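Chemist:
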Amino acid sequence: MFANFLYFIIALLIYVTYQPSKEIQFGWSEAFSLFLLKAFLFTFFSRLQFRRIIEKSSSDPPSELDHRFQSALSRLSAAAIAVYALDIYGLNLPSFFFDTPIFSMAPTLLALGFVLLFIGYLSIIWAFAGRVHNRIYGSDADGESYVISNVMFSIPVLFPWLLLSGVSDILFALPFETPKHILSTTGGEIAYFIFFLMGISLVGPVMIQKFWRCRPLAPGFFRQRIEALCERTGLRYADILNWPIFGGKMITAGVMGLVRRFRYILVTPALLHFLDPEEVDAVIAHEIGHVKKKHLLFYLLFFIGYLLLSYATFDLVAYLMVYAQPAYRLLSRAGVNYATVTSILFSLFMIAIFLIYFRYIFGFFMRNFERQADVYVYAVMDNAKPLISTLFKIAQTSGQPLDKPNWHHFSLKGRIDYLKKCETDRRWISIQDRKIRKSMVVYLTGILAVGFVGYHLNYGQAGKRIGTHFLEKVLEEEIQKSPENPKIYAMLGDLYYAADRYEKATQAYEKAISLMSDDPGVLNNLAWLYATCPEKALRNPQRAVLLAQQALSIEPSPHVWDTLAESLFVSGEVDFAVSAGKQALNLTRDNRKYYEDQLNKFIAAKEIKVH
0 MFANFLYFII ALLIYVTYQP SKEIQFGWSE AFSLFLLKAF LFTFFSRLQF RRIIEKSSSD
60 PPSELDHRFQ SALSRLSAAA IAVYALDIYG LNLPSFFFDT PIFSMAPTLL ALGFVLLFIG
120 YLSIIWAFAG RVHNRIYGSD ADGESYVISN VMFSIPVLFP WLLLSGVSDI LFALPFETPK
180 HILSTTGGEI AYFIFFLMGI SLVGPVMIQK FWRCRPLAPG FFRQRIEALC ERTGLRYADI
240 LNWPIFGGKM ITAGVMGLVR RFRYILVTPA LLHFLDPEEV DAVIAHEIGH VKKKHLLFYL
300 LFFIGYLLLS YATFDLVAYL MVYAQPAYRL LSRAGVNYAT VTSILFSLFM IAIFLIYFRY
360 IFGFFMRNFE RQADVYVYAV MDNAKPLIST LFKIAQTSGQ PLDKPNWHHF SLKGRIDYLK
420 KCETDRRWIS IQDRKIRKSM VVYLTGILAV GFVGYHLNYG QAGKRIGTHF LEKVLEEEIQ
480 KSPENPKIYA MLGDLYYAAD RYEKATQAYE KAISLMSDDP GVLNNLAWLY ATCPEKALRN
540 PQRAVLLAQQ ALSIEPSPHV WDTLAESLFV SGEVDFAVSA GKQALNLTRD NRKYYEDQLN
600 KFIAAKEIKV H
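Using numbering that gives the first Met the number 0, read the sequence shown as starting at 0 and increasing by one per residue.
(1) Report the three-state DSSP secondary structure of Pro-204 (helix, strand or coil).
(2) With a threshold of 8 Å on Cβ separation, who are the neighbours of Arg-212 within its own chain once the five nearest residues in sequence on each side are excluded?
(3) Would Ala-227 and Leu-386 qualify as a contact pair, given that the criterion is a beta-carbon distance under 8 Å?
(4) Quick one: Cα of Asp-493 to Cα of Ala-504, how far?
(5) Report the start-end ranges of each alpha helix (DSSP H) in the stretch 219-251 that is 4 residues or longer and not cut off at the edges.
(6) Looking at C-alpha atoms only, which residue of Arg-222, Ala-190, Ile-207 is the closest neighbour of Met-255?
(7) Taking only the alpha-carbon atoms, compute the straight-line gap between Met-365 and Pro-174 and give it to the nearest angstrom.
(8) When the Cα atoms are used, what is the spatial distance from Phe-451 to Ile-193?
(9) Between Pro-178 and Leu-170, what straight-line distance do the alpha-carbon atoms span, to the nearest angstrom?
(10) Output the residue ranges of the alpha helix (DSSP H) runs that lie fully inside the stretch 532-593 and measure 4 residues or longer, sorted by chain position.
(11) In three-state terms, what does DSSP make of Pro-215?
(12) Excluding sequence positions up to five away, which residues of its chain have a Cβ less than 6 Å from the Cβ of Phe-305?
(13) Any idea what DSSP makes of Gly-256, helix, strand or coil?
(14) Leaving out five residues on either side along the sequence, give the residues of the same chain with a beta carbon under 7 Å from the beta carbon of Glu-277.
(15) To the nearest angstrom, report how far apart Leu-447 and Ile-352 are at their CA atoms.
(16) List the whole-angstrom C-beta distance separating Arg-235 from Arg-259, where the pair is believed to meet the contact cut-off of C-beta under 8 Å.
(17) In the stretch 364-416, which residue ranges form an unbroken alpha helix (DSSP H) of at least 4 residues, counting only runs that do not cross its ends?
(18) For Leu-90, does the three-state DSSP call read helix, strand or coil?
(19) Could you tell me the alpha carbon to alpha carbon distance between Gly-198 and Phe-302, rounded to whole angstroms?
(20) So Leu-33 is in the alpha helix (DSSP H); what residue range does that whole segment cover?
(21) Any idea which residues DSSP pairs Val-266 with across the strands?
(22) Taking the CB atoms as reference points, tell me whether Val-544 and Leu-551 lie closer together than 8 Å.
(23) Could you tell me whether the stretch 392-400 touches the stretch 360-378, where touching means 3 or more Cβ pairs closer than 8 Å?
(24) Between Ala-576 and chain C, is any beta-carbon pair separated by less than 8 Å?
(25) Taking 8 Å as the cut-off, decide whether the C-beta atoms of Phe-261 and Leu-201 are in contact.
(26) Within its chain, find whatever has a CB closer than 8 Å to the CB of Glu-475; leave out the 5 residues flanking it on each side and keep chain order.
(27) What ranges does the alpha helix (DSSP H) occupy inside the stretch 450-514, keeping only unbroken runs of at least 4 residues that lie completely in it?
(28) Any idea what DSSP makes of Phe-175, helix, strand or coil?
(29) Keeping to the same chain, check which residues put their C-beta closer than 8 Å to that of Leu-274; ignore five residues upstream and five downstream.
(30) Inspect the beta-carbon positions of Ile-531 and Ala-498 and report whether they are closer than 8 Å.
(31) Does Leu-115 pass the burial test, meaning 16 or more other C-beta atoms within 10 Å, or should it be called exposed?
(32) Tell me whether Val-521 is buried or exposed, calling it buried when 16 or more other Cβ atoms sit within 10 Å of its Cβ.
(33) For Tyr-6, report the span of its alpha helix (DSSP H) as first-last.
(34) Under a three-way DSSP split, which group does Asp-518 fall into?
(35) Measure how close the beta-carbons of Gly-187 and Thr-107 come, nearest whole angstrom, since I'm counting them as under 8 Å.
(36) Determine, using beta carbons only, whether Phe-68 and Val-146 come nearer to each other than 8 Å.
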């Protein structure tokens, strides 16, 4: 069930990392025909998978059927991701819509459309799985209810992205420059993300409980009992809700909300129907444990940690892409466009980082938080026997094996065994608490280290040196592909100049000029370098004047006049430098202070020369 969250976010990552290719392999009619064929094959294959399970349902034991069913769901969900990726990267379907005015103005709408396409693929799986689910687990819900329950449960994971991206589209559409400037910076993006994440964490439960069609639990015995337990433990909440997930047939409960005003306790009808009052108390004690142990706040911290990890590794991923040339060449031979290859590899890197972080790091803490919430029952009750019996009932009613683990919970058997250890020796409760505290210290140390590295990679000198090295490698490889392209040499010259590697900068600029002698930007940059180079041995004032004059004949802009003035000044032509400086000042509208200072410098030199 929670795996659906991962699938949805992976699909979103596949879309947002897509970069359209200039060369599209298929026309619209071809792409649409292939899309329909692929969708038909996926539907046929999905139906076949579950049909085979139904054929085995009369002979195989329940545990084997459960294994077959869950394996089929996992395989087909992975296939849905692959098919969806083929739509994006193989058929380039988004590229057919990018130029549509409404999608150009609001890209989130197009992204939402493709997320709905992925939901469509999963819905195909769920439609065939529903019948099998009923046969294996004895549920009386129809296939449509199974599909709707899966969709309704999973979609809220997309709410933060939808609001974040949607509001961003609105801000960029408004005629105000300040919000656009803020969101265009790395720091602004991070602050905006954290602000929204905090806001969603606070008020999101209100939207989610409405989306899940929860209703206040009716007054009566169980509501009074839950209220009394919450009052006894000091837990404050907004409401206790009836949670109709999967038709209310699952024995489960939940709690969501960081603050009392937006905190909800969720209980399913099956929980109230199948469990004894003491068992209901044990389950609610478990949920209270999540709040008391600050697990919901820690989950928010883990999402912020993922933001830091993504921020820190983004440049590293880009650098690794430089060394992926063998993959580029291999895929290029298969007819895949270079931009498509880059998008695919970048997407794979980001998905790998996401899966490792959430599946293993976040999953580790989820499992241990669940165990800590289990043992919190001892803070409320004399023993854990009601919770142990509840876990046995969950196994009996769900048809799942006791020893079946998953990434977010320990197996039912593992949870029962740990509670039994606590029954004989309560020190295991404090052992679990210490394990989490130590793990949090390790996590926070690691994530702070990642943030430190990320900061220095983006803003520190080490990051600049690494960035220069990789950009140099990229440009050199581009030169090997296009040795007669002057723009690549010009970019290489800019890179060397910014890195204070002046000799290499002059060589790159000279090469660019030899290939294209009428580029005013390159002419101006080389003139300025020859006039002002800190390495005086590389200065060439006379050539600087010639280059600046040539650039000026093509583009008589203020900064080119300023370059000519500086070149004349260092050549000793002070009178002409003053004239050129005046021209630069007269033409400029921005940064007048700089041009005034330059002109004053030339005038002062002229006066000294006169005296």
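For every residue, glycine included, the Cβ atom is placed at its ideal position computed from N, Cα and C.
Remember, predicted model here, so these are calculated numbers, not experimental data.
Modeler: A quick look at the data gives this:
(1) The residue you call residue 204 lines up with position 205 of the sequence shown. Three-state DSSP puts Pro-204 in a helix.
(2) The residue labelled residue 212 in the question sits at position 213 within the sequence shown. Hits under 8 Å: Met-151, Pro-243.
(3) On the sequence shown, position 228 is the one that residue 227 refers to. On the sequence shown, position 387 is the one that residue 386 refers to. The answer is no: Cβ separation not under 8 Å.
(4) If you number the sequence shown from 1, residue 493 lands on position 494. If you number the sequence shown from 1, residue 504 lands on position 505. For Asp-493 and Ala-504, the distance between alpha carbons rounds to 7 Å.
(5) Restricting attention to alpha helix (DSSP H) runs no shorter than 4 residues, the stretch 219-251 encloses them at 220-232, ordered along the chain.
(6) Along the sequence shown, one-based indexing puts residue 255 at 256. Closest by alpha carbon: Ile-207.
(7) Along the sequence shown, read from residue 1 onward, the residue named residue 365 stands at position 366. Along the sequence shown, read from residue 1 onward, the residue named residue 174 stands at position 175. Going from the Cα of Met-365 to the Cα of Pro-174 covers about 44 Å.
(8) Start at 1 with the first residue of the sequence shown, and residue 451 comes out as number 452. Start at 1 with the first residue of the sequence shown, and residue 193 comes out as number 194. Near 18 Å, if we compare the C-alpha coordinates of Ile-193 and Phe-451.
(9) Your numbering for residue 178 matches position 179 in the sequence shown. Your numbering for residue 170 matches position 171 in the sequence shown. Looking at the two C-alpha atoms, the distance is approximately 7 Å.
(10) 540-553, 557-569, 573-586
(11) What you label residue 215 is simply residue 216 of the sequence shown in a count that begins at 1. Correct three-state label for Pro-215: strand.
(12) In the sequence shown, the residue the question calls residue 305 occupies position 306. Note that residue 305 is Tyr in the sequence shown, not Phe. Result list for Tyr-305: Tyr-356, in chain order.
(13) If you number the sequence shown from 1, residue 256 lands on position 257. Looking at Gly-256 - three-state DSSP - the assignment turns out to be coil, as it is neither helix nor strand.
(14) What you label residue 277 is simply residue 278 of the sequence shown in a count that begins at 1. The residues are Pro-385.
(15) To locate residue 447, count along the sequence shown from 1; it is residue 448. To locate residue 352, count along the sequence shown from 1; it is residue 353. Looking at the two C-alpha atoms, the distance is approximately 17 Å.
(16) Start at 1 with the first residue of the sequence shown, and residue 235 comes out as number 236. Start at 1 with the first residue of the sequence shown, and residue 259 comes out as number 260. At roughly 4 Å, the Cβ-Cβ gap stays under 8 Å, so Arg-235 and Arg-259 are in contact.
(17) 384-397
(18) Within the sequence shown, residue 90 is the residue found at index 91, counting from 1. In the structure shown, Leu-90 sits in coil (DSSP, three-state: anything other than H, G, I, E or B).
(19) If you number the sequence shown from 1, residue 198 lands on position 199. If you number the sequence shown from 1, residue 302 lands on position 303. Between the alpha carbons of Gly-198 and Phe-302 lies a gap of roughly 13 Å.
(20) Indexing the sequence shown from 1 puts residue 33 at position 34. Here the alpha helix (DSSP H) through Leu-33 covers 27-55.
(21) The residue labelled residue 266 in the question sits at position 267 within the sequence shown. Val-266 is bridged to Asn-241, Ala-252.
(22) As a first step, residue 544 must be located in the sequence shown, where it is residue number 545. As a first step, residue 551 must be located in the sequence shown, where it is residue number 552. Contact check for Val-544 against Leu-551 fails: the beta carbons are separated by 8 Å or more.
(23) Judged by pairs of C-beta atoms under 8 Å, the stretch 392-400 does not touch the stretch 360-378, as fewer than three such pairs exist.
(24) Absent from the structure: chain C. Only one protein chain is present.
(25) Sequence index remark: in the sequence shown, residue 261 carries index 262 (1-based). Sequence index remark: in the sequence shown, residue 201 carries index 202 (1-based). Cβ distance < 8 Å, so Phe-261 and Leu-201 count as in contact.
(26) Locating residue 475 in the sequence shown gives position 476, counting from the first residue. For Glu-475, where only same-chain residues beyond five positions count, the Cβ hits under 8 Å are Leu-491.
(27) 460-480, 485-497, 501-514
(28) Looking up residue 175 in the sequence shown gives position 176. Coil at Phe-175, not helix or strand.
(29) Taking the sequence shown and counting its residues from 1, the one referred to as residue 274 is at position 275. The residues are Ile-250, Val-282, Thr-389, Lys-392.
(30) As a working note, residue 531 is residue 532 in the sequence shown. As a working note, residue 498 is residue 499 in the sequence shown. A quick correction: the sequence has Thr, not Ile, at residue 531. Result no, Cβ atoms of Thr-531 and Ala-498 do not sit closer than 8 Å.
(31) Start at 1 with the first residue of the sequence shown, and residue 115 comes out as number 116. Only exposed fits Leu-115, as fewer than 16 other CB atoms lie within 10 angstroms of its CB.
(32) Within the sequence shown, numbered from 1, the residue matching residue 521 stands at position 522. It is buried - the Cβ of Val-521 has at least 16 other Cβ atoms within 10 Å.
(33) Taking the first residue of the sequence shown as position 1, residue 6 is located at position 7. Per DSSP, Tyr-6 belongs to the alpha helix (DSSP H) from 2-15.
(34) Residue mapping note: residue 518 aligns to position 519 of the sequence shown, counting from 1. Here Asp-518 sits in coil by DSSP.
(35) As a first step, residue 187 is located in the sequence shown; it is residue number 188 there, counting from the start. As a first step, residue 107 is located in the sequence shown; it is residue number 108 there, counting from the start. Actually they do not touch by this definition, with Cβ atoms about 18 Å apart.
(36) In the sequence shown, the residue the question calls residue 68 occupies position 69. In the sequence shown, the residue the question calls residue 146 occupies position 147. No, Cβ-Cβ distance for Phe-68 and Val-146 is not below 8 Å.
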